[in-house]
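Right, one structure below, let's go through it.
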DNA sequence: GATGAATGAGATTTCATTCAT
DNA sequence: GATGAATGAAATCTCATTCAT
C-alpha cells in the first residue's frame, strides 16, 4: 500500500513497484512452467485452465490476474520454449578457426541439451509448439522470429566454412543452414517418439555428415 | 436386382452388398479428406465436427454413420498421413548399384513430393500428427509402426553403403538412418513455416551431405 | 394391383382390400410385439426406433408405413398391454353363487397369468406404462378407460358380496374394488423387482384377505 | 477467517471448510428437489438438464459441479424417494399390544402421508422410479435395499400377529407382508391416476381387510 | 412397398472466463 | 490480491424422421 502511494505521482506510470513487478514475474514464471508441463503431457488444446491451475497450485481467478486468457499462456509458453540461448552458442562456435572443430562445438552444444532430464518435456512441448505454429499466426510470428535469428547465426557459420573452402561454395548457404536445423529438429521429433534413442551416436553422425567424414568412398 | 431378391430371402447373410461396401469406403475417404483439410487449417482439436461436416458437405449425423467420433476421424487421418508408399521407394533405391545414385534416387523420390500442390496441406497436417503422437497412445502406435518400417528400409540402404565402403562403417547405422529421416522431417517443418523455401536447393544439400560432396576441405 | 382396381369404384373407400388389411394388422402386431420387448428391456424413452427395427427385423422406413411415429407405437403398446380379457373373467366370477368361490375364481384367474413365461416381460412393461401414464395424457386416457371397465366389473362383484351380507356393507364399494386392484398391481410391482417371488403363496393370502379367513383372532 | 488462514498454510488439508460442505449439501438438495418436480411432471428421460436448470434457477455448468451427469441426478432422486422413515413407523406400531390397534397405527401412519399436498408429486415420481428400477441396475439395487428393510419390519409385525393367533399361522408371512405393501403401492398407483380418489375410505378398507372385519359372512 | 443413408434439431456435457465474497 | 462457484456459449453426439432409390 505504502509503496503504491509512493509511486502514484510518477507520470506515465511506466513502472509498477519493483517488489510487485518481481512478484508478478515470479508468478507468471510459475504459471508458465506449470502450463508447460501440462502442454507436454496433454497438448495445448486438451489442456484445460483447471489443469494449469492444479499444476500451479493456483485458483482460476488468480491465473487471470497474470494472464488475459489461455491464448496468452500458450503464447508465453511458446516464447519461453524459444528462449534458448542459441545465438550465443553459435557466436562462440564461430570464433573457432578450425571448421570441423566449429561443427564439433555446435553439435556438442546443441545435443548435450538432451542430457538434461527436463529435455523430454521440452521436446514434447516443442511438438505442440510446431503444431500450433502451423495454425496460430501470433505463435508463428514468434517462432519465425527466433528461427530467423538462428538462421542468421548459422548462416555466418556456413558462409565462413565456404569462405575457408571447407564447404562446397556452390551449395546454397541457406539450404545448408536448413539442413543443420533439420538435423536438430528432426532428431527431437524422433526423441519424442522414443526417448531412449541414442543421442551420442546421433551426434557423431551429425558431426560426420557436416565434417565430411561419413563418406569413405571415392571422392 | 437379383442380389436384392437374394438378400430378402436370406436372413443373416454374411455379406452386405458390394455397393454398400464401396459406398462405405468412398464416404469414409471423403470424410477423412475433408477432415485432413480442416486439420491442416486449424489443428486437430480446434477443428469442430461442424467444420468437417461443412467441408465434407455432410450433416453431423451422417459423419457418425462412418466414424464413432472425432477421435476415430483423427486416427484415420493419421493413418492416412502415414500411408505414403515409402517402403516401395526405398526398395527401388536399394537396387541401385552406385551408392551416390542410390542417395540421389532417394532424395529425389522423397523431395519431389513437395512439388505436389497438396504438399503444403500434407506438411501442416504432419505437424498436427506429430503433436498428437506425443499425447495420444493410439496415434503414437500407428506412427511408431510406420516409422519402424521406414527405419528398417533405410537401414538396409545404409548397411549396404557401409558394406560397399562408401559410408564409414564405424558410424551407428541406426543413427545414420535417423539423420536421413531428420533431414526429411526437419525440412517439412521448415516448409510448413515458410512454404516458399527452396526445395531443390535443399535437396541438393541433402544429397551432398549424404554423398560426401559437401565437404571440400581436407579429408 | 388387381384387387385395388376391383375396389377403386367403391364409394367412400371405407375398406382397403382385406388382404392388405390383414397384412397391415399383421405387420402392426409384429412391430408392437417387438416394441413391447424393447420397452420391457429398456423403458419407453431409452428405446430407440432402431432398437425396435432391429427387434422387428424391419427397416426404419418400413416402420413409418405402419405407425406415424414413436408416440404412436408407445400408445399401441399401451393399448395392447391393456387388452387383457379382464371383463370376461370378472363376469364369469360374478355368476358364482358362493362369495368365497367367487373370490377364489377371481384370484385364480388373475394370478394364474403369472405362470405364463411371458409374464415377466408384461410386468416390466406395465411399470413403464404406469410411468408413462403419469406423464402422457393420451396414455392416461387409455389406461383410465380400461381401469374404469375393470372397476365397474369388480364393483358389481363387491356390491353383490355386500348384498349377500358377506362383505361389510358400510365399506365403500369403490374402495374395496381399489383394494382388490391394488393387491393385483402391487404384486406385479414386486414381481418385477424379484421374479422369483412365490405367486401361489401370495394368491392364497389375497384370497384369505378377501374371504375373511386370514384373521383368526377375536371377531 | 482463522480457518481461512489456517487453510492457506496447510497444503493437503484433510477437511474443506464446513461452510463449503454445508453449501455443497444444500445445493445438491436444491437440485434434487428441482429434479424431483421435473421428473414427476415429465418423467425421468423426457426431462432435460435444461428443465432441471430452470427449475433450480441454476446454469447447466453449475449442475455439473454437484452431479457428474443426469444419471447421477436420477439416482439421487431415487435415493431421496426411498428415504421415507418407514422403519421407524413400523417399529412404533410393533410396540402396540393389540393387533387391530397395530394395524390401525400402520395404516394411519402410511396413509396419512397422502394428506401432504406434496404427496401427488411424490406419487407420480414413484411411478417413474418403478419404471426406472425395471431397467436400471443401480436404481433397482437401491430400491431393493429399501424394500428389504420394510419387508423385514413388516415381517416382524406379521409374525407377531400370527404368534398372537390373530393372523392365520398357515399363511406365508412373506406373502402377507407383500400383500400389505401391495395395498399401499397399488393405492399410490391409483392415486397417481386420479388424485381425487378417497384416501380415508381406502384406508378403512385396508384396515378392515387386515383386521378381519371386512368379511361379515359365515366364518 | 421396402430400404437405409441422410438430415438436423436438440440433448448432454465441458470449460474459458467472470465476479461476489 | 485470492478464491472458487457460477455462467453460458459452444462442442460432441444421438436419434426420430424423411426420402431418393
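Chains as they are written, first to last, in the numbering used here: chain C, 1 to 219; chain D, 1 to 219; chain B, 1 to 219; chain U, 1 to 219.
The beta-carbon is built from N, C-alpha and C at its ideal position, and this holds for glycine as well.
Classification of residue 207 of chain C by the beta-carbon crowding that lies within 10 angstroms, buried from 16 upward:
buried
Would you kindly check if the distance between the Cβ of residue 168 of chain D and the Cβ of residue 216 of chain C is under 9 Å?
yes
DSSP beta-bridge partners of residue 167 of chain U
B:215
Within 10 Å of its beta-carbon, does residue 170 of chain B have 16 or more other beta-carbons around it, so buried, or fewer, so exposed?
exposed
Cα-Cα separation between residue 20 of chain B and residue 65 of chain B, rounded to whole angstroms:
Cα-Cα distance, rounded: 13 Å.
Consider the Cβ of residue 107 of chain D: report whether some Cβ of chain C lies at a distance smaller than 9 Å.
No, residue 107 of chain D does not count as interfacial toward chain C.
Under 8 Å, with one C-beta from each stretch per pair, do the region 54-61 of chain D and the region 118-134 of chain D reach the 3-pair mark?
no
Beta carbon proximity, residue 57 of chain D to chain C, threshold 9 Å:
Residue 57 of chain D does not count as touching chain C.
Taking the alpha-carbon of residue 42 of chain C as reference, which of C:201, C:88, C:126 and C:142 has the nearest alpha-carbon?
C:126
Tell me which residues share the same chain as residue 161 of chain U and place their Cβ nearer than 6 Å to its Cβ, disregarding the 5 neighbours each side in the sequence.
99 and 167
Output the boundary residues of the alpha helix (DSSP H) element that contains residue 44 of chain C.
From DSSP, residue 44 of chain C is part of no alpha helix (DSSP H); its letter is neither H nor E.
Taking the alpha carbon of residue 211 of chain B as the reference point, which residue from B:24, B:158 and B:90 has its own alpha carbon closest?
Residue B:158 is the option with its Cα nearest to residue 211 of chain B.
What does a CB cutoff of less than 7 Å around residue 273 of chain D pick up in its chain, not counting 5 residues either side in sequence?
In the structure as shown, chain D begins at 1 and stops at 219. Residue 273 of chain D is therefore absent and cannot be evaluated.
Is residue 148 of chain D buried or exposed, if buried means 16 or more other CB atoms sit within 10 Å of its CB?
Result: exposed.
Within a Cβ cutoff of 8 Å, which residues of the same chain sit near residue 201 of chain D, ignoring the five residues on either side of it in sequence?
For residue 201 of chain D, same chain residues with a beta-carbon under 8 Å away, outside a window of 5 residues either side, do not exist.
Can residue 115 of chain C be considered in contact with the ligand COA, in the sense that its beta carbon sits closer than 8 Å to one or more heavy atoms?
This structure lacks the ligand COA, and indeed carries no ligand of any kind.
Rounded C-alpha distance that separates residue 80 of chain U from residue 81 of chain D
53 Å
Have a look at residue 22 of chain B and residue 29 of chain B and give me their C-alpha separation to the nearest angstrom.
10 Å
Reducing DSSP to helix, strand and coil, say where residue 123 of chain B ends up.
helix
So, is residue 132 of chain B buried or exposed, given that buried needs 16 or more other C-beta atoms within 10 angstroms?
buried
So with CB distances below 8 Å, who are the chain C contacts of residue 205 of chain D?
171, 172, 175, 176, 178 and 179
When the distance is taken between beta carbons, is residue 193 of chain D closer than 9 Å to residue 144 of chain C?
yes
Under 9 Å between C-beta atoms, does residue 104 of chain B make it to chain U?
no
Using a Cβ-Cβ cut-off of 9 Å, state whether residue 149 of chain B counts as contacting chain U.
Taking Cβ atoms only, chain U never reaches closer than 9 Å to residue 149 of chain B, which makes this a no.
Residue 180 of chain C to residue 214 of chain C span [Cα, whole Å]
15 Å
Roughly how many whole angstroms lie between the Cα atoms of residue 3 of chain C and residue 78 of chain C?
Its pLDDT being 41, under 50, residue 3 of chain C is placed unreliably in this model, and the coordinates cannot settle the point.
Nearest to residue 150 of chain B (by Cα), restricted to the options B:102, B:83 and B:69
B:83
Here's the rule I'm using: 16 or more other beta-carbon atoms within 10 Å means buried, otherwise exposed. How should residue 108 of chain C be labelled?
exposed
Interface residues of chain B facing residue 45 of chain U [CB-CB closer than 9 Å]
Against chain B, the beta carbon of residue 45 of chain U has neighbours under 9 Å at 43, 44, 45 and 46, listed in chain order.
Host alpha helix (DSSP H) of residue 181 of chain U (start-end):
173-193
Could you tell me which of D:38, D:96, D:97 and D:103 sits nearest to residue 73 of chain D, measuring between CA atoms?
D:38
With DSSP collapsed to three states, give me the class of residue 103 of chain U.
helix
What's the call for residue 175 of chain U, buried or exposed, on a 16-neighbour Cβ count within 10 Å?
buried
Determine the DSSP secondary structure at residue 111 of chain C, reduced to helix, strand or coil.
Helix, per DSSP.
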